[in-house]
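Note sheet for the following structure.
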Amino acid sequence: MLALAAPAAAQYTVAGQVVNSVTGAPLARARVMVAPVNDQSDEKNFLTGEDGRFRFEGLAAGKYMLYGLRLGYPLQTFGQRALGRQFASALAVGPKHDTSNIPFPLIPGAVIAGRVTDEAGDPADSVLVRPIRLNQRQTLMSAQALPGVWTNDRGEYRIHTLPAGVWTVAASGTPTWSMPGENVFLATYHPDATNPALAKPLTVGAGETVTADIRLSTARPATVMVNIQALGLASPNLRLMQEGPDGAGFTMPRESYYPASDSVTIPG
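Residue numbers (this note's numbering): 895 to 1162.
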């Protein structure tokens, strides 16, 4: 008796077009990925052409996650409505679902760019600039400081792929023209505030670019003396950082210290 071959499992297609969520324009060179919900390692990739279209064939019935990203568009999930929000919408694939022409809008990131100068108006190079997302009251209380970027030799910086919202920026560092221990730049918020409460809010939408220049002030650094014995630590590792508006160190961290005695002096 001949054994009957099992019928081949039905296969399905997921296809569509990647577009800019703001303008609706097709996005070329966007990377689209699809993977089963229960096996994210089984990922398939597609790079869109000039028409922004993508196509995955030979998929088994089931639920899938669809992802997309492109230069200027952070990684996001199909169905996501805002950057920075964890949201996942599974895509059902099978005989009862038409997945042959799916619109996939990608949200463009916001950009904050500008120039940082010193008291004389000269470019401040190698200065760390960090974006700070403000809360609903547009204050720095409970604000969220994100990793920053360094200014170039012209004092210019550009922070991209930010979620739309209300932001400010803060800069800090050491003048490259100053001898070690002589001068430091005060942590300064846009446009020239050393008091966080006076930081100017910046409202930026998806795909928009706003300019935020910063004028820094210099000051003599302070010296900190730490009593190791009072800390009660056997082998302390000391690292000095300035506290930012979110309660975390947001300025350029100083070197680490491994004290060999009961006290240590950390120069400014």
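Backbone N, C-alpha and C define an ideal beta-carbon position, used for all residues, glycine too. A quick note: this is a predicted structure, and the numbers were derived from the prediction, not measured.
- For Asn1046, the closest of Thr1070, Leu1092, Ile1026 and Phe981 by C-alpha to C-alpha distance is Thr1070.
- CA-CA distance, Ala1081 to Gln1038, rounds to 16 angstroms.
- Within the same chain, Pro1025 come within 6 angstroms of Leu1040 by CB-CB distance, once the 5 residues on both sides are set aside.
- One thing to note: Ile1108 has its Cβ within 8 angstroms of the Cβ of Ala1065.
- By the criterion of at least three beta-carbon pairs nearer than 8 angstroms, the region 933-947 is in contact with the region 907-914.
- Of all C-beta pairs linking the region 965-974 to the region 987-1001, three or more are shorter than 8 angstroms, placing the two stretches in contact.
- Rounded to the nearest whole angstrom, the CA to CA distance from Gly978 to Gly962 is 15 angstroms.
- Segment contact: the region 1015-1023 against the region 1048-1058, three or more CB-CB distances shorter than 8 angstroms; contact assigned.
- One Cα belongs to Thr1068, the other to Glu1076, and the distance between them is close to 9 angstroms.
- If you keep only unbroken beta strand (DSSP E) runs of at least 3 residues inside the region 997-1052, you get 1004-1011 and 1022-1027.
- When only Cα atoms are considered, Asp936 and Tyr906 end up about 16 angstroms apart.
- Taking C-alpha positions only, Pro989 is separated from Ser915 by approximately 29 angstroms.
- As DSSP reads the structure, Gly1067 sits in a beta bridge with Phe1079.
- Around the beta carbon of Asp992, fewer than 16 other beta carbons lie within 10 angstroms, which makes this residue exposed.
- Distances from the alpha-carbon of Thr1011 to those of Arg925, Phe1079 and Thr917 put Phe1079 closest.
- One Cα belongs to Asp1086, the other to Leu965, and the distance between them is close to 32 angstroms.
- Within the same chain, Cβ atoms closer than 6 angstroms to the Cβ of Arg1009 are found at Gly1049, Glu1050 and Asp1107, the five residues on either side in sequence being excluded.
- If you draw a straight line from the Cα of Gly956 to the Cα of Ala986, it comes to about 6 angstroms.
- Residue pairing for Ala909: DSSP places it in a beta bridge opposite Arg949.
- Here the alpha carbon of Ala919 sits roughly 24 angstroms from the alpha carbon of Thr1097.
- The beta carbons of Leu1028 and Pro1095 sit closer together than 8 angstroms.
- Excluding the 5 residues flanking it on each side, Thr1062 has same chain C-beta neighbours closer than 7 angstroms at Ile1026, Leu1028, Tyr1083, His1084, Ala1093, Lys1094, Pro1095 and Leu1096, in chain order.
- The continuous beta strand (DSSP E) containing Gly962 extends over residues Gly956 to Arg964.
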